[in-house]
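Participant: Be aware that the sequence shown starts at 0, since it is given in numbering that gives the first Met the number 0, and climbs by one per residue.
Note that the Cβ used here is the ideal one computed from N, Cα and C, for glycine as well.
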Amino acid sequence: MKCTVGVDIGGTDIKLGKFYGDELVKEMRIKTNKADKGKYILDDVFKAIDELLEKDELEGIGLGIPGPVVDGHILGCENLGWGRFDITSIIKAKYPKVKIKVLNDANAATIGEWAYGGGKKYSSFVLVTLGTGVGGGVMVGNHLVEGVSGSAGEIGHLKVNIGNVRKCACGLFDCLEQYASATGVVITANELRIGRNTKINDYSDEEITSKLVFDLAKEGDEVALEVVDEMIHKLALGLSIVSSVINPEAFVIGGGVSKAGQFLIDKLEKKFYSYAFYTIENTDFKLAELGNKAGIYGASYAVRHQEV
Ligand SMILES: [Zn+2]
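#1: Restricting to Cα atoms, I'd like to know which of Lys100, Val222, Asn163, Gly5 is closest to isoleucine 193.
#2: Identify every run of the beta strand (DSSP E) within the segment 87-122, keeping only runs that are complete inside it and at least 3 residues long; order them along the chain.
#3: Please list the terminal residues of the continuous beta strand (DSSP E) segment that includes tyrosine 178.
#4: Beta-carbon separation of glycine 132 and serine 209 under 8 angstroms?
#5: For methionine 138, write down the residues that DSSP places opposite it in a beta bridge.
#6: How long is the line joining the alpha carbons of phenylalanine 172 and aspartate 70, rounded to whole angstroms?
#7: How about leucine 171: is its Cβ closer than 7 angstroms to a heavy atom in ligand 1?
#8: So what's aspartate 43 in DSSP terms, helix, strand or just coil?
#9: Under 7 angstroms: does the beta carbon of histidine 156 sit that close to some heavy atom of ligand 1?
#10: Quick check: does the Cβ of glutamate 77 come within less than 7 angstroms of any heavy atom belonging to ligand 1?
#11: My assumption, with CB atoms under 8 angstroms, is that isoleucine 89 sits in contact with tryptophan 81. Please give the rounded CB distance.
#12: Specify the secondary structure class of glycine 325 as computed by DSSP and reduced to three states.
#13: With a threshold of 8 angstroms, are at least 3 pairs of Cβ atoms found where one atom belongs to the segment 139-152 and the other to the segment 264-278?
#14: If we ignore side chains and look at the alpha-carbon of each, how far apart do cysteine 169 and glutamate 22 end up?
#15: Please return the same chain residues whose Cβ sits closer than 7 angstroms to the Cβ of glycine 183, not counting the five positions on each side in sequence.
#16: Are there 16 or more other CB atoms within 10 angstroms of the CB of tyrosine 277, so buried, or fewer, so exposed?
#17: Does the segment 194-214 come into contact with the segment 246-253, if we say contact requires no fewer than three beta-carbon pairs (one atom in each stretch) closer than 8 angstroms?
#18: With burial defined as no fewer than 16 other Cβ atoms inside 10 Å of the residue's Cβ, what is the status of proline 95: buried or exposed?
Okay, structure coming up:
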């Protein structure tokens, strides 16, 4: 059968999925070998693709990578040790008859959620992933917005505080991801729990996670609620700014922190409207639906629908 393969390259592992049309029929996961500036990664991916294929005929490869991409060129990917290069030509040399599409990983996930998941009925929406960091992707008029240097949708690095309080891995201070990611929630919890009467203090440093804070907040722990409110405040601030620029139909919230579910969505929606410009009134807030498979779904879709 004819198939496409969606590949999602992450800093720790690489996910691959084989698709018959829209249907995911087989998955594979391999470790990311970052040795020698990541020079083995693509060969490992090629080997995995060949193994996944079995007797099927390969029509296309869609690939998501954790760095900025413009027109199929990687503009640098520190996470993997990669510099700037024309990745599409390298894949093309190995698979000359196959369609290739290379995307930023958050953008691949955005297309996945738009084609199959939480963003399905929207022509314009913003995917917000709340994980170890904060990522995002933007669809406007059924098209992915990559930006002139591949930076559209990098909402994790919106500046949401002043005073150089929290340093970000990007080199700037007070980026949204320092407050609204799982990591950011833990930092805030450790600031606010000191000397306070809260169940957070019953746990060891390693046990204090974003999930724990949200669980305690749902039980009514006052300090945990303050931590959540601070996270929601910063996130709503960031999203209200995004709204004033593109006024999307919806924000679709994914990533590990989004497992807090409707509790998070309800608080976020309420806070968002208290910050957003008054004409912004019909913005939906929804949970993402594809989890960590959004990337392979989106990469595979994008190679079959190059118009996206
Ligand atoms: Zn940053």
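Facilitator: On the basis of the data shown:
#1: Val222
#2: 98-103
#3: Looking at the DSSP string, tyrosine 178 is not in any beta strand (DSSP E); the run it does join, the alpha helix (DSSP H), is 176-179.
#4: no
#5: Phe124, Leu143
#6: For phenylalanine 172 and aspartate 70, the gap between their C-alpha atoms comes out near 30 angstroms.
#7: Because some heavy atom of ligand 1 lies under 7 angstroms away, the Cβ of leucine 171 counts as near it: yes.
#8: Judged by DSSP in its simplified three-state form, aspartate 43 adopts helix.
#9: yes
#10: For glutamate 77, the CB stays at least 7 angstroms from every heavy atom of ligand 1.
#11: With 8 angstroms as the limit, isoleucine 89 and tryptophan 81 do not qualify as a contact, their Cβ atoms being about 11 angstroms apart.
#12: Since the first residue shown for the chain is 0 and the last is 307, residue 325 is missing from the structure and cannot be characterised.
#13: no
#14: 37 angstroms
#15: Glu176, Gln177, Met230
#16: exposed
#17: no
#18: exposed
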